[in-house]
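In what follows, a structure is listed as structure tokens, so that the remarks can point back to it.
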Amino acid sequence: MIIKICGITRQQDADVLQKLHVDMCGFIFHPRSPRAISPELAALLRTGRVQRVGVFVGQHAVDIKRIMNAATLDFAQLHGEQSIACAQAVGAERIIRVLWPARYPSKEALQAALEHYAPTCAYFLFDAGQQGGGSGQSFNWSLLQGLHSPRPFLLAGGLQAATVPQCLSLCQPDGLDFNSGIEVRAGIKNTEQLCAAVQAARAYTMQEQA
């Protein structure tokens, strides 16, 4: 189970992620986001072995690669419908492609989109709503039942400890992306809620494997 904590803006939260041995942390490089961070500040935040993900909305390949280098990122999460050519220029092995299942008129249409983008990404991330992210909106997990993702996929959308078991039982994702559901306010994580969410995800996984 991949565990990603997005919207990191301060070292205190990065320290908690390291202690919990989460897999990924996300930095948001979208100026209009309340969780926005500069590449320079992101570079100063120490994350140890936690893989570093940049969330990009309006930027294209040249700027994405520049920011990835400046902030020492492992992955680029394309949250702005960037083109396949953009993903190829950054490198498919470094791309997390965001899709909003609620946008698609049918599961067949969503499945077609997955097949279309799969050659140019390493992971998919399914988010709630029709656009954007970090809104706290809950996910209609039934939209993913019966779907066959050609790449590992993560789920986002207001997730917190209480919603983890139902989410995992209905969708069987490869990972979970926590953000707004574990915050005191935008960009400031609630340590207790963060720890509880990670523990819930791991407890469910261990139960399934038992």
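FYI, the numbering for the sequence shown is 9 to 218, going by the numbering used here.
The beta carbon of each residue, even a glycine, is placed where N, CA and C say it ideally should be.
These numbers come from a predicted model, not from an experiment.
Run through the DSSP bridge pairs and tell me what residue i is partnered with.
{"i": "V106", "result": "L133"}
{"i": "D185", "result": "K12"}
Just how far apart, CA to CA, sit residue i and residue j?
{"i": "E123", "j": "R111", "result": "16 Å"}
{"i": "A204", "j": "I190", "result": "9 Å"}
{"i": "P113", "j": "Q119", "result": "11 Å"}
{"i": "L28", "j": "S41", "result": "26 Å"}
{"i": "Q168", "j": "K73", "result": "32 Å"}
{"i": "E200", "j": "A69", "result": "37 Å"}
{"i": "F186", "j": "V30", "result": "11 Å"}
{"i": "P158", "j": "Q90", "result": "19 Å"}
{"i": "Q19", "j": "L49", "result": "10 Å"}
{"i": "D21", "j": "V192", "result": "12 Å"}
{"i": "P109", "j": "L202", "result": "26 Å"}
{"i": "Q217", "j": "A211", "result": "10 Å"}
{"i": "C94", "j": "A194", "result": "29 Å"}
{"i": "T128", "j": "G99", "result": "8 Å"}
Please identify the residue among the options whose C-alpha is closest to the C-alpha of residue i.
{"i": "D71", "options": "A97, Q168, R57", "result": "A97"}
{"i": "R60", "options": "R40, A84, K115", "result": "A84"}
{"i": "T213", "options": "E200, P39, S177, F186", "result": "S177"}
{"i": "F37", "options": "K12, D21, H87", "result": "H87"}
{"i": "D23", "options": "Q215, A211, E216, I196", "result": "I196"}
{"i": "L155", "options": "C129, E116, T128", "result": "E116"}
{"i": "P47", "options": "E101, T128, I75", "result": "I75"}
Beta carbon of residue i, beta carbon of residue j: below 8 Å?
{"i": "A136", "j": "A164", "result": "yes"}
{"i": "G15", "j": "R57", "result": "no"}
{"i": "I104", "j": "L133", "result": "yes"}
{"i": "I10", "j": "L152", "result": "no"}
Whose C-beta lies closer than 8 Å to the C-beta of residue i among residues of the same chain, with five residues either side of it excluded?
{"i": "A51", "result": "A78, A79, T80"}
{"i": "A121", "result": "L107, Y112"}
{"i": "V172", "result": "L184, A205, A208, A209, Y212"}
{"i": "N148", "result": "P109, A110, A136"}
{"i": "C175", "result": "F147, W149, L163, L167, P181, L184"}
Considering only residues of the same chain and omitting the five flanking positions on each side of residue i, which have a CB-CB separation below 6 Å?
{"i": "P160", "result": "Y131, D182"}
{"i": "Y125", "result": "R105"}
{"i": "D82", "result": "Q59, R60"}
In its own chain, which residues sit with a C-beta less than 7 Å from the C-beta of residue i, not counting the 5 before and 5 after it?
{"i": "L25", "result": "I13, C33, T55, V58"}
{"i": "V65", "result": "H38, H87, G88"}
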